[in-house]
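Right, one structure below, let's go through it.
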Amino acid sequence: MDHFNFRDGTLHAEDVPLTAVAERHGTPCYVYSRATLERHWHAFDRALAGCPHLVCYAVKANSNIAILNLLARLGSGFDIVSVGELERVLAAGGDPAKVVFSGVGKREDEIGRALDVGIRCFNVEVTEELDRLDRLAGERGVKAPVSLRVNPDVDAGTHPYISTGLRENKFGIEIEEALQQYRRAARMPNLEVAGIDCHIGSQLTSSMPFIDALDRVLALAAKLRSEGIAIRHLDLGGGLGIRYRDEDPPHPTEYAERLFARLGRHDFEILIEPGRAIAGNAGILLTRVEYLKANQAKRFAIVDAAMNDLLRPALYGAWQDIVPVAPRADAEPETFDVVGPVCETGDFLGKSRELALVPGDLLAVRSAGAYGFSMSSNYNSRPRLAEVLVDGSEMHLIRERETVAQLFAGERLLP
Ligand code: LLP
């Protein structure tokens, strides 16, 4: 459930009409709802209340520091994949001791900074990363806490671009090899084995793949413990899906119940790394219709947002709902492709949508709070959008619209 609802014929974010956001901050822009974000974070936290746990929000989903700060205030941990994300968490007041660091290509400077601030755990995805970590921790006279991200070879049943737990994916260490690598890690003087990590993909709409992965992780944990390698936490990754259209993903409570049923009595701390399920339905992309255009084959609604602002439709063929902010009764619904101004045929936000529109109308692209702004680019020299966070009847500008001057401020002419 989210807090974007129609009131008096106008779509609101909490108590603020989106028309008022467009008036104050212009379009296109991203609009988020604080109540929705907090509700979703609490849903995970409560679902795991039966055991020691840490919800580590996946920063990549939406990394605006105002959002990270709101989650930090709730006590959230964070899953990061770069030093850039680490600095954002720190700037937002996040606790480094609640940060886990995932990713297949951690550079030395990134590992060094994470060691210096004392993060909670490195989720190691490449065997040589263990050697690099051991050396860098040794140089600093500290012990690096590690988990291996195991690749359990389960099919997450999601889009191939966002499925990560299959043998053919670049992620993780094959579960058969993990045992040997854990033995190696346990012998390294500057490492401290802390847990097991796995993340099998994103936008999962069933609990079964999570349970299959957990089974394999538990078998590995039992084996490691029998060899005296202490596993304190299990990090089960993120990936719980959301409803974009008619998907019916499990609620966090149901997901947690299934996990607990399989875990039985246990003394692990459970970490999870949800991103989309917290931020996805907490944001919309607000855009204005510039022109309506028809040719013999199609009608197009040309809007002021484009694939550089919201890449998911172009990259994955993802479907996101598009609704008029103030639905009109004085125009007939017609079938439109909703497209942006970027010079690519793939530049669309939605295809074949039934909409009653006139130029100047505002549209909201829903479920755009995760992997929306964070995947945006400057393609076609388009400045990145403003971001607005609504809190009850207040709206806060949490990121200024980029200016054209900023686009090439770091570029230099030859002498
Ligand atoms: N942990 C790890 C190690 C991850 O790689 C990811 C996402 C997450 C957690 C968070 O997953 P979530 O709960 O958000 O599903 N750009 C794609 C999604 C890519 C997800 C990448 N990894 C999209 O727009 O659908």
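Residue 199 in full-length UniProt numbering sits at position 199 of the sequence shown; the count goes up by one each step and never skips.
Ideal Cβ placement from N, Cα and C applies to all residues, glycine included.
Being a predicted model, the structure only gives us computed values, none of them experimental.
Query, Result
"Top-ranked residue by Cα proximity to P341, from A305, S352, A326, A364", "A305"
"Local conformation of A144 per DSSP, three classes", "strand"
"Distance cut-off 6 Å: P274 Cβ against heavy atoms of the ligand LLP", "yes"
"Contact the stretch 387–407 vs the stretch 322–332: 3+ CB pairs below 8 Å", "no"
"Backbone CA spacing between M307 and E176 [nearest angstrom]", "41 Å"
"8 Å contact criterion, which V358 and A331 should meet: CB distance rounded", "6 Å"
"Contacts around T205, its chain only, beta-carbon distance under 7 Å, and the 5 residues preceding and following it disregarded", "G241, E247, D248, P249"
"Neighbour-count burial assignment, Y255, 16 or more Cβ in a 10 Å radius", "buried"
"F336 versus F300: straight-line alpha-carbon distance, rounded", "5 Å"
"Nearest candidate by alpha-carbon position, reference Y316, set A156, F348, H251, I111", "F348"
"Nearest-angstrom beta carbon gap, V365 and I284 [assumed within contact, 8 Å]", "6 Å"
"Proximity to L407 [Cα-Cα], best of V21, N378, I278", "N378"
"Reduced DSSP secondary structure (H/G/I, E/B, other) of A66", "helix"
"Beta carbon of C198 nearer than 7 Å to that of A185", "no"
"In DSSP terms, what M395 is bridged to", "V390"
"Check: S76 C-beta below 6 Å from any heavy atom of the ligand LLP", "no"
"D116 beta carbon near the ligand LLP (any heavy atom closer than 6 Å)", "no"
"Beta-carbon contacts of C343 that lie in its chain and below 8 Å, excluding the five residues immediately before and after", "N380"
"Closer than 6 Å: G238 CB and nearest the ligand LLP heavy atom", "yes"
"Reference S82, options M1, L37, A58, D2, closest by Cα", "A58"
"Residue environment, T253, which counts as buried when at least 16 other CB atoms sit within 10 Å", "exposed"
"Strand pairing of R288, partner residues [DSSP]", "L362"
"D155 versus A329 - alpha carbon distance", "46 Å"
"Close beta carbons around L115, own chain, < 7 Å, minus the five adjacent residues each side", "L136, A137, R140, V142, A144"
"Cross-strand partners of F336 (DSSP beta bridge)", "R353"
"Per-residue DSSP class, three states only, for L234", "strand"
"Heavy atom of the ligand LLP within 6 Å of Y32 beta-carbon", "no"
"Residue ranges of each beta strand (DSSP E) within the stretch 70–137, 3 or longer", "77–80, 99–101, 121–124"
"Rounded C-alpha distance that separates I196 from S352", "45 Å"
"Contacts around G103, its chain only, beta-carbon distance under 6 Å, and the 5 residues preceding and following it disregarded", "V81"
"C-beta contact flag for V146 and F122 at 7 Å", "yes"
"From F268, E334, R288, V289, residue whose alpha carbon lies closest to that of K298", "E334"
"Closest residue to Q203 among L362, Q181, R243 (Cα-Cα distance)", "R243"
"Residue 416 Cβ short of 6 Å to the ligand LLP heavy atom set", "This structure cannot settle anything about residue 416, because the visible part of the chain is limited to 1 through 415."
"Y371 CB to nearest heavy atom of the ligand LLP below 6 Å", "yes"
"Expected contact under 8 Å - CB spacing of G77 and K98 to nearest Å", "3 Å"
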